[in-house]
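Using this note's numbering, read the sequence shown as starting at 3 and increasing by one per residue.
Note that CB positions come from ideal geometry on N, CA and C, so glycine has one too.
Computed from a prediction, not measured in an experiment: that's the story for all the values here.
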Amino acid sequence: MSEFAGKTLFVSGGTSGINLAVAQHFAGCGARVFVISRDPGRVAAAVQSLRDLGAEADGMPADVRQYDQVAAAVTRCAELFGQIDILVSGAAGNFLAKAQNISSNGFRAVMEIDVLGTHHVMHAAFSHLRKPGASILNISAPQGSVAMVGQAHVCAAKSGIDMMTRALALEWGPLGIRVNSVSPGPIEGTEGQKRLVPNPAAVEERVNAIPLKRMGTLADVAELCAFLASDRANYITGAVIPVDGGTTLNPTPTRMGQFLED
Ligand code: COA
Ligand code: NAP
């Protein structure tokens, strides 16, 4: 497939899990891909996996909380590939804890990675994205739309991301840049799920609460991202689109909260 031939994708947090799967999907569709995250070993492995798919790919370590590091990575990507057409902001932090057990530093860590980090990558990439046809995909979560026990920090962060999506769709739409949020439900085999669904009983209850009765796959999320970044979605902006099997309709967080200390 060559739907994204000639396009360059920049992915924050693109070295593992969902974001890497998205990067690999676009690589398989002909895009050049640049990934960043904190761990140099993860960056190297992710870049190799993208090159193994036949893609032009590179990356560098960068912490999305540090604007200078993000800006340096964006500059490097543009120097190497000449342009940036699609931005995926996927770096995030999560852990399961009730609000009274989250320190100021813990709350700040998640807000800074998710919200500030998303602002940083969108801001740093803006001059390259400022053209008709550019697309931004912010990776959100059901917590951006519905409350969940043990997730006050993530609810705050992901709802903040979703409002930035809407605000920048408003500001940047006239420039031709579309901005959307992709909101995956529980995706099997990911770090996020390991953290949120801590044991087999919780997994069973989690799946039972999903209307489609299964966790999502990496491919489910990658397919939505590819659609939203494509010309087929060229009238969609400012949307928060779930790919969650209906999770957001029935968020009752199963027994997640019961595994937590008060
Ligand atoms: N419950 C309560 N607080 C927790 C916690 C938990 N399970 N895990 C971490 N924290 C707190 C720490 O105690 C610390 O606060 P303190 O200094 O007051 O003790 C604070 O969070 C920051 O932890 P630290 O490990 O120093 O931060 P970091 O910036 O290195 O890492 C995290 C950020 C905590 C979000 C870390 O889990 C991470 O890097 N996550 C990335 C991967 C991920 O979350 N993937 C899933 C995405 S959905
Ligand atoms: P993951 O594998 O832990 O991916 C997170 C990525 O972000 C990693 O590559 C990590 O690499 C990077 N990262 C973390 N902090 C960073 C920072 N400060 N600066 C730069 N990069 C950073 O998690 P995942 O479960 O696949 O989740 C990916 C995305 O999907 C997240 O936005 C998450 O909120 C969302 N999501 C996941 C699920 C799910 O079921 N898993 C559901 C809904 C939404 P380093 O450690 O090298 O920095």
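- Within 8 angstroms of the C-beta of residue 143 there is at least one heavy atom belonging to the ligand COA.
- Placement of the Cβ of residue 8 at a distance of 8 angstroms or more from every heavy atom of the ligand NAP is found.
- Burial check for residue 153: the Cβ neighbour count within 10 Å reaches 16 or more, so the residue is buried.
- Within the same chain, Cβ atoms closer than 6 angstroms to the Cβ of residue 83 are found at 10 and 34, the five residues on either side in sequence being excluded.
- Within the segment 156-232, the runs of beta strand (DSSP E) that reach at least 3 residues and sit entirely inside it are, in chain order, 180-186.
- Around the beta-carbon of residue 116, 16 or more other beta-carbon atoms lie within 10 Å, marking it buried.
- Nearest neighbour of residue 161 by Cα position, chosen from 179, 118, 15 and 195, turns out to be 118.
- The Cβ neighbour count for residue 42, taken over all protein chains shown within 10 Å, is under 16; the residue is labelled exposed.
- One alpha carbon belongs to residue 17, the other to residue 122, and they sit about 18 angstroms apart.
- By the C-beta density criterion, residue 180 is buried, having at least 16 other C-beta atoms within 10 angstroms.
- The Cβ atoms of residue 15 and residue 192 do not sit closer than 9 angstroms to each other.
- Taking 8 angstroms as the upper bound for CB-CB distance, residue 12 and residue 79 are in contact here, some 5 angstroms apart.
- Here DSSP, grouped into helix, strand and coil, assigns residue 28 to helix.
- Of the candidates 126, 194, 176 and 109, the residue whose Cα lies closest to the Cα of residue 144 is 194.
- Judged by their CB atoms, residue 28 and residue 88 are nearer to each other than the 9 angstroms cut-off.
- One residue list follows from the rule of a beta carbon closer than 5 angstroms to any heavy atom of the ligand COA, given in chain order as 94, 95, 96, 97, 99, 105, 107, 108, 111, 193 and 194.
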